[in-house]
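Each residue of the sequence shown is one higher than the last, beginning at 1063 in our numbering.
Let me begin by presenting the structure, written as structure tokens, before commenting on it.
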Amino acid sequence: MANHKSSLKRIRSNAAKRLRNRYQAKTTRNAIKKLRGTTSKADAAPLLTKVISMLDRLAKKNVIHKNKASNNKSKLTKFVNALK
């Protein structure tokens, strides 16, 4: 167990940040699943912009790798463009 005051605080803040990161990552994954479940382009287009924004935010905060975010955005955009 850590003894320094600053390291105890760091442990607490890391735990809080980890919970927040896990929540945001899970929410984004659920949004991606919801987007992949859509069948019409009209429903998917506004959802795509929200998902792309979420992915960019996660990549910016290093919750996910920037290339993973880029790959997801590319594949989802292709998926939405293929819808009718």
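Beta carbons: idealized from backbone N, C-alpha and C, even for Gly.
On a predicted model such as this, the values are computed, not experimentally measured, just so you know.
Mind the definition here: the segment 1073-1090 touches the segment 1114-1128 only if three or more C-beta pairs lie below 8 Å; say whether that holds. yes
Val-1142 versus Ile-1073: straight-line alpha-carbon distance, rounded: Walking along the sequence shown from the start, residue 1142 turns up at place 80. Walking along the sequence shown from the start, residue 1073 turns up at place 11. Roughly 42 Å separates the two Cα atoms.
In whole angstroms, what separates the C-alpha of Met-1063 from that of Lys-1071? Position 1 of the sequence shown holds residue 1063. Position 9 of the sequence shown holds residue 1071. Their Cα atoms are separated by approximately 12 Å.
Taking 8 Å as the threshold, find out whether the segment 1078-1088 comes into contact with the segment 1096-1106 through three or more Cβ pairs. no
Range covered by the alpha helix (DSSP H) that runs through Met-1116: Locating residue 1116 in the sequence shown gives position 54, where the first residue counts as 1. Segment 1103-1122, the alpha helix (DSSP H) holding Met-1116.
Could one say the Cβ of His-1127 lies closer than 8 Å to chain D's Cβ atoms, at least one of them? As a matter of chain content, chain D is missing from the structure shown, which is built from one protein chain.
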